[in-house]
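Quick note on numbering: the sequence shown equals residues -18 to -1, 1 to 135 in mature numbering (1 follows the signal peptide of the UniProt record, and there is no 0).
Glycine included, C-beta positions come from ideal geometry on N, C-alpha and C.
Please read these numbers as outputs of a predicted model, since none were measured by experiment.
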Amino acid sequence: MKKFLILLLLCLFNKVYAQSGFTYVGARLGLGNKEARLMGVNLNFPSKYRNSYEISADYFQWSKSSYEELQLGIIYKPEFYRNRNTSLRYRIGGAVGTDFYKFLAGPELGLELGQAIYSGAEIIIANKNQYLFFAEKSYRLRTNLSIGLKISL
C-alpha cells in the first residue's frame, strides 16, 4: 500500500509528455557524383508535428583524386508524408567545414525516406543536394544518395 501511494503521488505531481526527449543517433554511408563517397553520423532531435532537427558530421572522399572534406551541418526535416511504418521528409539546412586547406560553407536540400524496422530503429535512405561556396570549382555542386540506420537513445 505504501508503494502504491508513493507511485500515485509521483504520477500526480510530475508532468508527462509523449516522446519528450526522444532522440535518435544514426550512421550512414553513401555514393555521390564524380565517384564520391560519403560517411556520416548524426543526432536527431524531434520537434512538433513529427518534424525534427538533425546535427550531422560528414566525411567526403573522391576516389579519382585525393580531395577530402569534413563538414558539420544543421538540418531541419519537416515531414510531409507518413504511413504506418514509412515517413518521407524534406531536408533543408546548411553545412560548414573544411577541405583541409580552406573554409567551406553552403546550403543543403534533399529528401529522406525512413522505414521503421522495429520499435526504436529506422532504415534511412537520404538524398543530399549541396552547393559549397569557396570550394574548388569542380567540387562545388554535388548530389549524394546514402543509406543508414537510425536508433533511438
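Since residue i sits in a beta bridge, which residues does DSSP pair it with?
{"i": "Tyr6", "result": "Asn26, Ser134"}
{"i": "Asn89", "result": "This sequence places Pro at residue 89; Asn is not what is there. Paired residue(s): Gly76."}
{"i": "Ala39", "result": "Val23, Leu54"}
{"i": "Ile129", "result": "Leu11, Ile107"}
{"i": "Leu70", "result": "Tyr63, Leu95"}
{"i": "Ser45", "result": "Note: Ser45 sits in no beta bridge, so no partner."}
{"i": "Phe115", "result": "Ala87"}
{"i": "Ser34", "result": "Pro28, Lys59"}
{"i": "Arg124", "result": "Gln112"}
With distances taken Cα to Cα, identify the nearest neighbour of residue i among the options.
{"i": "Ser120", "options": "Ala9, Lys16, Ile129", "result": "Lys16"}
{"i": "Leu93", "options": "Tyr83, Leu86, Ile107, Phe85", "result": "Ile107"}
{"i": "Thr80", "options": "Ala39, Ala18, Lys46, Lys132", "result": "Ala39"}
{"i": "Leu20", "options": "Glu36, Arg32, Trp44", "result": "Trp44"}
{"i": "Lys30", "options": "Gly76, Gln112, Phe62, Tyr113", "result": "Phe62"}
{"i": "Tyr100", "options": "Phe27, Lys46, Lys132, Ala77", "result": "Lys132"}
{"i": "Arg64", "options": "Gly22, Leu95, Ile129", "result": "Leu95"}
{"i": "Glu90", "options": "Gly102, Asn24, Gly75", "result": "Gly75"}
{"i": "Leu25", "options": "Gly55, Ala18, Ile37", "result": "Ile37"}
{"i": "Ala18", "options": "Ser48, Pro28, Gly55", "result": "Ser48"}
If you count every other CB in all the chains shown that lies within 10 Å of the CB of residue i, and 16 or more means buried, which is it?
{"i": "Phe116", "result": "exposed"}
{"i": "Glu50", "result": "exposed"}
{"i": "Gln53", "result": "buried"}
{"i": "Leu70", "result": "exposed"}
{"i": "Leu135", "result": "exposed"}
{"i": "Phe42", "result": "buried"}
{"i": "Glu118", "result": "exposed"}
{"i": "Tyr6", "result": "buried"}
{"i": "Ser34", "result": "buried"}
{"i": "Ile105", "result": "exposed"}
{"i": "Ile57", "result": "buried"}
Can you name, in chain order, every residue of its own chain whose Cβ lies under 7 angstroms from the Cβ of residue i, other than the five neighbours on each side?
{"i": "Leu127", "result": "Gly12, Leu13, Asn109"}
{"i": "Asn67", "result": "Gln97, Ala98"}
{"i": "Ala(-1)", "result": "Annotation note: pLDDT 48 at Ala(-1) (below 50); position unreliable, coordinate value reported separately. Nothing listed; no residue qualifies."}
{"i": "Thr125", "result": "Gly14, Asn15, Asn111"}
{"i": "Lys123", "result": "Residue 123 is actually Leu in this sequence, not Lys. Excluding residues within five positions, the ones whose Cβ falls inside 7 angstroms are Tyr113."}
{"i": "Arg10", "result": "Gly22, Ile106, Ala108, Ser128, Ile129, Gly130"}
{"i": "Gly88", "result": "Gly76, Ala77, Gln112, Tyr113, Leu114, Phe115"}
Please list, in chain order, all residues of the same chain as residue i whose beta carbon is under 6 angstroms from its beta carbon, the five residues on each side excluded.
{"i": "Tyr72", "result": "Pro60"}
Skipping 5 residues on each side, what residues in its chain have a beta carbon closer than 8 angstroms to that of residue i?
{"i": "Ala103", "result": "Leu131, Lys132, Ile133, Ser134"}
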